[in-house]
Every structure is written in C-alpha cells, then in structure tokens.
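Asks: Next up is a structure, given as structure tokens.
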Amino acid sequence: MLASFGVAALSLPPHPLEAQTLPSGFTRSQIAKTAAPTRMAFALDGRIFVAEKDGRLLVIKNGALLSTPFLTVTVDTRGERGLEGVALDPNFETNRYIYVYYTATTPTVHNRVSRFTANGDVALSGSESVIIELDPLRSDSYVHNGGDLKFSSDGMLFLATGENATPSNAQNLSSLLGKMLRIDPRADDFPADANRNYSIPSSNPFRGTAGARPEIWAYGLRNPFSIAFQPGTNRLFINDVGSYAFEEINEGFAGANYGWPVTEGFTADPRFRSPLFTYSRSTGDPTGCAITGGDFYNPRTP
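Residue numbering for the sequence shown follows this note's numbering, starting at 17 and increasing by one per position.
Dropping the structure here:
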C-alpha cells in the first residue's frame, strides 16, 4: 500500500532539481511556468487549475497556460500565507463549483474557504460564497497554515489546518487550528450566520461535545500541509510537517489525536495515534526534508 503513495518532499537541495535523477519509469515535462504554485486540481475535461500563493487561480488548458486567471483573491502573502488550496466540487461538471482556501486580510487576518462558480475559464463575477471562516491568525507568526482541502467520495469536504505556530491550538478542541475539519457544504446548519454556510455531518466525532467545535474530525496536528484520499476508498492520508524530530504520514481516523505537541513520530502513548510512516529530520534519507505533498500513483500494468 505504501508503495502506491507518492511522497513529494521539498527542501534546499545541494543541486538544482533538474539535475536530480527520476525514479525508473518517470519522466519530467514542463507544461507551464508559474511564479509560486501551491496546489493543483484536475478537471475531467483536462483543465488544470493551479493555485498561486499571490492569490491567483490559473488555468492550464490544452497544454497551455491561459493569460487570464480564473480568479484573483486578495490575500496576505507573508510566510506560508496566501492562496493555499483548491478543490473542484464532486459535481463540478454540472454545478461548476470550485472551492479555494486562502488567507483573507479583513476584518482580521484569517484563513477562509470560499466557493466560486465557473463561467467557462473564469469565475462568474460576484459568485464568491464564503463557506467557513477560520480562527484569527497571530500577528507575529506567518507559518503553519495547513491549507489543503479535499472531497471524500460521499461529498464531505475535509480541510487541513495548521496550528499557526501555537502548539497548544492542536490539542484545544475549541480551536479550529491544528486540525482536520469535516463539513458538508451542500446544506446549511447556520442560516443566520453568513460566515458558516455548511452543515455538520452527523457522524463527526465531536458533534454535541460541550466546548468542542463540531467541525473537528481529528486533532493534534502541527502543519498538515497536504492530504490525499486513496482512490476507490475513503481512506485519508495526512502529511504533517514536523518540528525538529520527525515528518509524518498519518492515516486519518475520526476522533484521532495525533499527539502534537506532546509527541512527534511513533509513540507508545495510548492517548495518541502513531503515524503510518515517519522519517527523521536529522538522520537518514532524506535528511532535513519537509513533507509538503503526497498523492497516489497507480502505475499502468500490461
């Protein structure tokens, strides 16, 4: 199973990336030149939507980068902030919905998920609908944003949030930071709140728990920079960037506590779920690389 899960690591290599040897059977082709891409989403019609840190969502169509962005949102770009995530609605071919995760600047600096409606290769003017506003961010720290979002096969939207360099957020169930969130954007449990346009799935583990945010699906995460669902299943894999010890690939489970900041890497503490895979930040290969991406690759077979 692990062999089918591709892990992309980002660091400062001793040689240019172009000089690195690819694994057997892989080739590298440049299809577009962008400034600071953070995430991609692939439409069934062949288009690729590319999120740029500066707030632009670009479109690659028929192998070419279109000159007009699909949309541009105003973002805080300091540190790890910016336009950090993009996901197509499971019914994108009919409803044309696209969801983005970005760092909004008003009324306070915070991360937000909004939905836009496509009109061809651009967003329909005025179509932004705020789905969820996350907690305000620190004014003195611009890291640990998380930012990935994915739909499960049953239409639920999963959001990965970082703890904003405040480790205690990860264990605080009244905070949305340092968590995996799970919401249903097809309904609205909060019609009186313009900034909460979603419903809480009935099986969310902290729904009905006093003092806990019902959006929380799992917690104890530091900076879950990317997530991926195994094709054909609802198995979720969470790539959590470590501190000074270990990088982690965690399998997602409802109600799981992944231990940050109490523990990092494998643990015997029964309160916490150990990662599926981990590697050291200081020894071994790849030394010092942060786990910044991961997806599933199913090789073609004769």
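Every residue gets a Cβ at the ideal spot worked out from N, C-alpha and C, and that includes glycine. These figures come from a predicted structure and were not determined experimentally.
Where residue 34 and residue 307 are concerned, what is the direct C-alpha to C-alpha distance, given to the nearest angstrom?
Replies: Your numbering for residue 34 matches position 18 in the sequence shown. Your numbering for residue 307 matches position 291 in the sequence shown. Confidence at residue 34 is low in this model, with a pLDDT of 47, below 50, so its placement is unreliable and the value that follows should be read with caution. Distance between the alpha carbons of residue 34 and residue 307 is about 19 angstroms.
Asks: Mind reading off the beta-carbon distance from residue 310 to residue 253? Whole number of angstroms is fine, and I expect it under 8 angstroms.
Replies: The residue you call residue 310 lines up with position 294 of the sequence shown. The residue you call residue 253 lines up with position 237 of the sequence shown. Their Cβ separation, rounded to whole angstroms, is 7 angstroms, which keeps residue 310 and residue 253 in contact under 8 angstroms.
Asks: Considering only their Cβ atoms, is the gap separating residue 238 from residue 256 smaller than 8 angstroms?
Replies: Taking the sequence shown and counting its residues from 1, the one referred to as residue 256 is at position 240. Taking the sequence shown and counting its residues from 1, the one referred to as residue 238 is at position 222. Yes. Within cutoff.
Asks: Please report how far the alpha carbon of residue 298 lies from the alpha carbon of residue 263, in whole angstroms.
Replies: Position 282 of the sequence shown, counted from the first residue, corresponds to residue 298. Position 247 of the sequence shown, counted from the first residue, corresponds to residue 263. Using only the alpha carbons, I get a separation of about 10 angstroms.
Asks: Would you please state the rounded distance, in angstroms, between the beta carbons of residue 129 and residue 175? I believe it to be under 8 angstroms.
Replies: Counted from its first residue, the sequence shown places residue 129 at position 113. Counted from its first residue, the sequence shown places residue 175 at position 159. 6 angstroms between Cβ atoms; contact.
Asks: Residues in the same chain with beta-carbon distance under 8 angstroms from residue 181, minus the five sequence neighbours each way, listed in chain order, please.
Replies: As a position in the sequence shown, residue 181 is number 165, starting the count at 1. 154, 157, 159 and 160.
Asks: How would you write the range of the beta strand (DSSP E) that residue 110 sits in, first residue to last?
Replies: Numbered from its first residue, the sequence shown carries residue 110 at position 94. That residue, residue 110, is in no beta strand (DSSP E); its alpha helix (DSSP H) goes 108 to 111.
Asks: According to the Cβ coordinates, are residue 224 and residue 273 closer than 8 angstroms?
Replies: In the sequence shown, counting from the first residue as 1, residue 224 sits at position 208. In the sequence shown, counting from the first residue as 1, residue 273 sits at position 257. Not a contact, by the Cβ cut-off of 8 angstroms.
Asks: Considering only the alpha carbon of each residue, which of 65, 267 and 173 lies closest to residue 289?
Replies: Walking along the sequence shown from the start, residue 289 turns up at place 273. Nearest of 65, 267 and 173 to residue 289, Cα basis: 267.
Asks: Within its chain, find whatever has a CB closer than 6 angstroms to the CB of residue 29; leave out the 5 residues flanking it on each side and keep chain order.
Replies: The count along the sequence shown starts at 1 and reaches residue 29 at position 13. Only weak support is given to the placement of residue 29: the predicted model assigns it a pLDDT of 38, under 50, and the value that follows is read from those uncertain coordinates. Excluding residues within five positions, none has a Cβ falling inside 6 angstroms.
Asks: Taking only three categories from DSSP, how would you classify residue 130?
Replies: As a position in the sequence shown, residue 130 is number 114, starting the count at 1. Of the three classes helix, strand and coil, the one that applies to residue 130 here is strand, per DSSP.
Asks: So, is residue 57 buried or exposed, given that buried needs 16 or more other C-beta atoms within 10 angstroms?
Replies: Here the question's residue 57 lines up with position 41 in the sequence shown. With 16 or more Cβ atoms within 10 Å of its Cβ, residue 57 is classed as buried.
Asks: Give me whichever residues DSSP pairs with residue 72 in a beta bridge.
Replies: To locate residue 72, count along the sequence shown from 1; it is residue 56. Note: residue 72 is bridge-paired with 88 in the DSSP secondary-structure output.
Asks: Buried or exposed: which applies to residue 287, given that a residue is buried once 16 or more other Cβ atoms fall within 10 Å of its Cβ?
Replies: Along the sequence shown, one-based indexing puts residue 287 at 271. Looking at its Cβ environment, which holds fewer than 16 other Cβ atoms inside 10 Å, residue 287 is exposed.
Asks: Compute the beta-carbon to beta-carbon distance between residue 186 and residue 277, rounded to the nearest angstrom, for a pair I have assumed lies under 8 angstroms.
Replies: The count along the sequence shown starts at 1 and reaches residue 186 at position 170. The count along the sequence shown starts at 1 and reaches residue 277 at position 261. About 6 angstroms separates the two Cβ atoms, so the contact holds.
Asks: What are the uninterrupted segments assigned as alpha helix (DSSP H) that are 4 or more residues long and contained completely in the region 176 to 223, given in chain order?
Replies: none
Asks: Assign residue 59 to one of three DSSP states: helix, strand, or coil.
Replies: As a first step, residue 59 must be located in the sequence shown, where it is residue number 43. The answer is coil: DSSP assigns residue 59 none of H, G, I, E or B.
Asks: Excluding the 5 residues preceding and the 5 following residue 151 in the sequence, name in chain order all residues of the same chain whose CB lies nearer than 7 angstroms to its CB.
Replies: For the purposes of this step, residue 151 is taken as the residue at position 135 of the sequence shown. Taken in chain order, the residues that qualify are 126, 191, 192 and 193.
Asks: Out of 231, 109 and 116, which has the shortest C-alpha to C-alpha gap to residue 99?
Replies: Walking along the sequence shown from the start, residue 99 turns up at place 83. Ranking the options by Cα distance to residue 99, first place goes to 116.
Asks: Residue 83: which of 283, 107 and 138 sits nearest, CA to CA?
Replies: Here residue 83 refers to the residue found at position 67 when the sequence shown is read from its first residue. That would be 138, whose Cα lies nearest to the Cα of residue 83.
Asks: Apply the 10 Å Cβ neighbour rule to residue 47 and answer buried if 16 or more other Cβ atoms are within range, or exposed otherwise.
Replies: Within the sequence shown, numbered from 1, the residue matching residue 47 stands at position 31. Burial call: exposed.
Asks: Compute the Euclidean distance between the alpha carbons of residue 173 and residue 108, then round it to the nearest angstrom.
Replies: For the purposes of this step, residue 173 is taken as residue 157 along the sequence shown, with counting starting at 1. For the purposes of this step, residue 108 is taken as residue 92 along the sequence shown, with counting starting at 1. Rounded to whole angstroms, residue 173 to residue 108 spans 14 angstroms at the Cα level.
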